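Visitor: Protein sequences, first through last, are from chains A and B. The number in the working numbering is simply the position in the first sequence, starting from 1, with 10 added. The number in the working numbering is simply the position in the second sequence, starting from 1, with 10 added.
Protein chains: 2
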Amino acid sequence: MTKISSNRRRVTLMDVARASGFSPSTVSLVLNEAPLARYIPEKTKQKILEAADRLGYRPDIFARSLRSQRSQMIGVLVIDLADPFCTLILQGVERKLLPTTYLPIVMDAHNQPAQLERYVEMMIQRRVEGLITVANWLLFDITVLEDIDDRQIPTLVVGRDLESPTVNSVLVDNEAGGYAAMEHLYQLGHREVAFVRGPRRMADSRMRWKGVRRFATEVSLRLNSALIRDLPGTMDSSSSFDGGLKVANELIQSGEKFTAILAFDDLTAYGAIRALSEAGRRVPDDCSVIGFDDVPPSALSTPGLTTIQQPMREMGEYAADYILKHLAHRLEDGSQPYGDSHLMKPTLIARGSTAPITKPVRKRK
Amino acid sequence: MTKISSNRRRVTLMDVARASGFSPSTVSLVLNEAPLARYIPEKTKQKILEAADRLGYRPDIFARSLRSQRSQMIGVLVIDLADPFCTLILQGVERKLLPTTYLPIVMDAHNQPAQLERYVEMMIQRRVEGLITVANWLLFDITVLEDIDDRQIPTLVVGRDLESPTVNSVLVDNEAGGYAAMEHLYQLGHREVAFVRGPRRMADSRMRWKGVRRFATEVSLRLNSALIRDLPGTMDSSSSFDGGLKVANELIQSGEKFTAILAFDDLTAYGAIRALSEAGRRVPDDCSVIGFDDVPPSALSTPGLTTIQQPMREMGEYAADYILKHLAHRLEDGSQPYGDSHLMKPTLIARGSTAPITKPVRKRK
DNA sequence: AGCTGATATTAAATCGAACCAATACACTCG
DNA sequence: CGAGTGTATTGGTTCGATTTAATATCAGCT
Numbered sequence: 011m012t013k014i015s016s017n018r019r020r021v022t023l024m025d026v027a028r029a030s031g032f033s034p035s036t037v038s039l040v041l042n043e044a045p046l047a048r049y050i051p052e053k054t055k056q057k058i059l060e061a062a063d064r065l066g067y068r069p070d071i072f073a074r075s076l077r078s079q080r081s082q083m084i085g086v087l088v089i090d091l092a093d094p095f096c097t098l099i100l101q102g103v104e105r106k107l108l109p110t111t112y113l114p115i116v117m118d119a120h121n122q123p124a125q126l127e128r129y130v131e132m133m134i135q136r137r138v139e140g141l142i143t144v145a146n147w148l149l150f151d152i153t154v155l156e157d158i159d160d161r162q163i164p165t166l167v168v169g170r171d172l173e174s175p176t177v178n179s180v181l182v183d184n185e186a187g188g189y190a191a192m193e194h195l196y197q198l199g200h201r202e203v204a205f206v207r208g209p210r211r212m213a214d215s216r217m218r219w220k221g222v223r224r225f226a227t228e229v230s231l232r233l234n235s236a237l238i239r240d241l242p243g244t245m246d247s248s249s250s251f252d253g254g255l256k257v258a259n260e261l262i263q264s265g266e267k268f269t270a271i272l273a274f275d276d277l278t279a280y281g282a283i284r285a286l287s288e289a290g291r292r293v294p295d296d297c298s299v300i301g302f303d304d305v306p307p308s309a310l311s312t313p314g315l316t317t318i319q320q321p322m323r324e325m326g327e328y329a330a331d332y333i334l335k336h337l338a339h340r341l342e343d344g345s346q347p348y349g350d351s352h353l354m355k356p357t358l359i360a361r362g363s364t365a366p367i368t369k370p371v372r373k374r375k
Numbered sequence: 011m012t013k014i015s016s017n018r019r020r021v022t023l024m025d026v027a028r029a030s031g032f033s034p035s036t037v038s039l040v041l042n043e044a045p046l047a048r049y050i051p052e053k054t055k056q057k058i059l060e061a062a063d064r065l066g067y068r069p070d071i072f073a074r075s076l077r078s079q080r081s082q083m084i085g086v087l088v089i090d091l092a093d094p095f096c097t098l099i100l101q102g103v104e105r106k107l108l109p110t111t112y113l114p115i116v117m118d119a120h121n122q123p124a125q126l127e128r129y130v131e132m133m134i135q136r137r138v139e140g141l142i143t144v145a146n147w148l149l150f151d152i153t154v155l156e157d158i159d160d161r162q163i164p165t166l167v168v169g170r171d172l173e174s175p176t177v178n179s180v181l182v183d184n185e186a187g188g189y190a191a192m193e194h195l196y197q198l199g200h201r202e203v204a205f206v207r208g209p210r211r212m213a214d215s216r217m218r219w220k221g222v223r224r225f226a227t228e229v230s231l232r233l234n235s236a237l238i239r240d241l242p243g244t245m246d247s248s249s250s251f252d253g254g255l256k257v258a259n260e261l262i263q264s265g266e267k268f269t270a271i272l273a274f275d276d277l278t279a280y281g282a283i284r285a286l287s288e289a290g291r292r293v294p295d296d297c298s299v300i301g302f303d304d305v306p307p308s309a310l311s312t313p314g315l316t317t318i319q320q321p322m323r324e325m326g327e328y329a330a331d332y333i334l335k336h337l338a339h340r341l342e343d344g345s346q347p348y349g350d351s352h353l354m355k356p357t358l359i360a361r362g363s364t365a366p367i368t369k370p371v372r373k374r375k
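1. Taking 8 angstroms as the CB-CB cut-off, is residue 107 of chain B touching chain A?
2. Excluding the five sequence neighbours on either side, which residues of its own chain have a C-beta within less than 8 angstroms of the C-beta of residue 325 of chain B, listed in chain order?
3. Can you find the residues in the same chain that come closer than 6 angstroms, C-beta to C-beta, to residue 105 of chain B, ignoring five residues on each side of it along the sequence?
4. Report all residues from its chain with a CB closer than 6 angstroms to the CB of residue 330 of chain A; omit the five preceding and five following residues, and keep chain order.
5. Verify whether the separation of the beta carbon atoms of residue 87 of chain A and residue 129 of chain A is less than 8 angstroms.
6. Of the residues A/320, A/314, A/305, which one's Cα is nearest the Cα of residue 93 of chain A?
7. Near residue 219 of chain A, what residues of its chain come up, given a Cβ to Cβ distance below 7 angstroms and the 5 sequence neighbours on each side ignored?
8. Kindly list, in the order they appear in chain B, the residues whose Cβ is closer than 9 angstroms to that of residue 311 of chain A.
9. Cβ of residue 107 of chain A versus every heavy atom of the ligand FMN: is any distance shorter than 7 angstroms?
10. Give the DSSP bridge partners of residue 318 of chain B, in chain order.
11. Kindly indicate if chain A contains any beta-carbon less than 8 angstroms away from that of residue 317 of chain B.
12. Mind checking residue 273 of chain B: buried by the 16 CB within 10 Å criterion, or exposed?
13. Could you run through the segment 35-69 of chain B and flag, in chain order, every residue whose CB is less than 9 angstroms away from some CB of chain A?
14. Quick check: is the beta carbon of residue 344 of chain A nearer than 8 angstroms to any beta carbon in chain B?
15. Along chain B, in chain order, which residues have C-beta atoms closer than 8 angstroms to that of residue 72 of chain A?
16. Using a 10 Å radius around the Cβ and a threshold of 16 neighbouring Cβ atoms, would you call residue 178 of chain B buried or exposed?
17. Can you have a look at residue 35 of chain A and say buried or exposed, based on whether 16 or more other CB atoms are within 10 angstroms of its CB?
18. Taking the beta carbon of residue 295 of chain A as the centre, do at least 16 other beta carbons fall within 10 Å, making it buried, or is it exposed?
19. Can you give me, in chain order, the residues of the segment 85-104 of chain B that have a beta carbon less than 8 angstroms from any beta carbon in chain A?
20. If the criterion is Cβ atoms closer than 8 angstroms, does the pair residue 360 of chain A and residue 194 of chain A meet it?
21. Can you check the segment 93-157 of chain B for any alpha helix (DSSP H) of at least 4 residues that lies completely inside it and give the ranges in chain order?
22. One question on the structure: do residue 25 of chain A and residue 65 of chain A come within less than 8 angstroms of each other, judged by their Cβ atoms?
23. Please list, in chain order, the chain A residues whose beta carbon lies closer than 7 angstroms to that of residue 115 of chain B.
24. Counting only Cβ-Cβ distances shorter than 7 angstroms, please list the residues of the segment 284-299 of chain B near chain A, keeping chain order.
25. For residue 300 of chain B, list the residues DSSP reports as bridge partners.
26. Could you have a look at residue 333 of chain B and say whether DSSP puts it in helix, strand or coil?
27. Can you list, in chain order, the residues of its chain whose CB lies under 6 angstroms from that of residue 284 of chain B, leaving out five sequence neighbours each side?
28. With a cut-off of 8 angstroms on the beta carbons, I'd call residue 27 of chain A and residue 37 of chain A a contact; round off their distance for me.
29. Drop a sphere of 10 angstroms on the beta-carbon of residue 135 of chain A, count the other beta-carbons inside from all chains shown, and report buried for 16 or more, exposed for fewer.
30. With 16 as the cutoff for other CB atoms within 10 Å, does residue 363 of chain B come out buried or exposed?
31. Determine, using beta carbons only, whether residue 126 of chain A comes closer than 8 angstroms to chain B.
32. Would you call the CB atoms of residue 143 of chain A and residue 334 of chain A closer than 8 angstroms?
33. Roughly how many whole angstroms lie between the Cα atoms of residue 55 of chain B and residue 76 of chain A?
34. Among B/198, B/276, B/137, B/280, which one has its Cα closest to the Cα of residue 317 of chain B?
35. Strictly by DSSP, which residues pair up with residue 85 of chain B?
36. Count the other CB atoms within 10 Å of the CB of residue 214 of chain B; is the residue buried (16 or more) or exposed (fewer)?
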């Protein structure tokens, strides 16, 4: 029965030593099940364990860290906590770390690159043993991570391909996702599809588009270039709603006919839905809309949003596993397979925002 | 120009001492601007600072913590990170802590009381200097916080009134919120309002209802008891969508006439909207819906959700301030004004899900 | 008796910074 | 001239656990 001591002073290893009649060294060996404890008789061990338990001994984490030079902490740097994308990945990381002795330290850069840099500094100062960066949006300078690399801290980037030879990453197979989204619309009968692509510079957007085009080519579908638009370049996740709204409005204004919109991500899709609604076009009756990500609200809105689901929790778990693996093998094998990026399969989630094209599109003005 | 050293070995206080020609003691005094440093001439200080900078000295946080018995960490225990309510509070906390030397340590209980308990243990073990608990939903056992109190760790609960004499809290003025929501619907002309209240045992729900009734009494409006329903008791935040869907369906099935729904929170409101939609009733044309919380998706859905906004970031900031204040005065004045709960003002956010009652309600079957 | 090797335990060094008590020197003043 | 005060610096201890090297005991063997 472990008892929580309510004494004012901390219970130290020395106290346990005194109480059990052995030296601090012996107590330490026993409590840590160190190799040297193999010759210590069971009877002694019992006495020590009993004493430690009775006094409610908890090793002082400061002293232990100082001596062992280990923090037992893994930094998780997130570009924006309010972005559900980040949150879900975080939950995956946490789930994997829970049964270990490692503690995730979460820092939120609030979409500001400067914060991110400062936080990397803080992470180093706090001596994190590994670093996971969730930065789907920010196009940040890779030099920030050089310090990290310098200190032999295993690092992984989630949700973005850094195209750096020194840092590994895990992300969704954007091309497969783009392909699946286009395929879904095509199978519902849509031939005139409008596209709201992500910012030009984003690798994510380029890969998704590549998938879309690959499918179009396979079925010999010609894409109308007047229906292809990009979100503006300087964006963070929270502004993609506004971007989607604006670009969809332009599409509607253009007068080009389309029966579906394939949006860069869920928030962009919601912006498009708002624009359609304001123009008097119903979703999905008058126009289907498909997103990308499957953030939690997508299941709750009416209509539910059809989207390409990124396995975010799984990506978080992969990240944590990656770090743990490297931490475990750090001593025997220091070399990492650098520049690797692991792709995970996306899944189409069909909800209410897409529908078969049955009747001819009503034109309203 | 601060240079990041890339040497294999850490730069220690001793190194700076050797490089500057002074003793470690002197170096320590200067770098910490300790009281005793007042007699040290500027010239010496400059030399030491220069040496420290040149070598890229960073104090070892383990050693410092051990000696000073301070972790410089503040624990933030969150009932569910995926809940936007928690996320926003977290951002408030972080914003306040950013300019300080304190680091927030976030732990996510994933809606499981058992986790919460385990995490409190971990927090104590990691020696957090303060604790903020965001637990709007969970009706957890207060005994968990007893250990905390025992150790003189300043603690604050956000989003729930614990009704405990030993722990303070900050939360929104739920009664004022309920009042404002009802007032809004009334002013739009709604007289037949349906209510989806929260679980009976939740203090939040009771207070909101009190506000609703107070307004109704003031304008002599009789509430139809057939239109008053409760969400089931055993719930977490993620299931309130399903709850809202189910209860709203029951209301629709009941055949009672109503022109608006006042929901316990935003997710419940979204559940209700789904139910209405499935029954062929449009929002807000056929029925207005109002929520409570103003979680981020509420602004993005179509129609946007009218709701009572909780000042979540501000509550987070208040919490951080509270802890910082107590930490600052810990030594001179250990006594806390226990059992206090600070109320913050909610704000009505009118969006597209509520509308004036103009035409008579179409009845569809 | 002397040696080996397994068993059992501990003294002492270490991690790096903080800080109290001590020292050394230069002054001023009665 | 010795006591007192302010200025400048440092030696040495402390925080609490880990770990290496060392010591002590005893059984078994030649």
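Yeah, the Cβ is synthetic: ideal placement off N, Cα and C, and Gly gets one too. Quick caveat, the model's predicted, so the values are computed rather than measured.
Guide: Taking the definition as stated:
1. no
2. 99, 102, 168, 169, 180, 181, 182, 354
3. none
4. 103, 106, 107
5. yes
6. A/305
7. 188, 207
8. 280, 283, 284, 307, 310, 311, 312
9. Summarising the ligand content, the structure contains no ligands, and the ligand FMN is consequently not present.
10. B/358
11. no
12. buried
13. 68, 69
14. With a pLDDT of 49 at residue 344 of chain A, under the threshold of 50, the predicted position of this residue should be treated as unreliable, though the coordinate-derived value follows. Not closer than 8 angstroms to any Cβ of chain B, the Cβ of residue 344 of chain A fails to qualify, so no.
15. 72, 75, 76, 79, 81, 137
16. buried
17. exposed
18. exposed
19. 91, 92, 94, 97, 98, 100, 101, 104
20. yes
21. 94-107, 123-135
22. yes
23. 115
24. 284, 287
25. B/272, B/316
26. helix
27. 255
28. 5 angstroms
29. exposed
30. buried
31. no
32. no
33. 28 angstroms
34. B/276
35. B/115, B/141
36. buried
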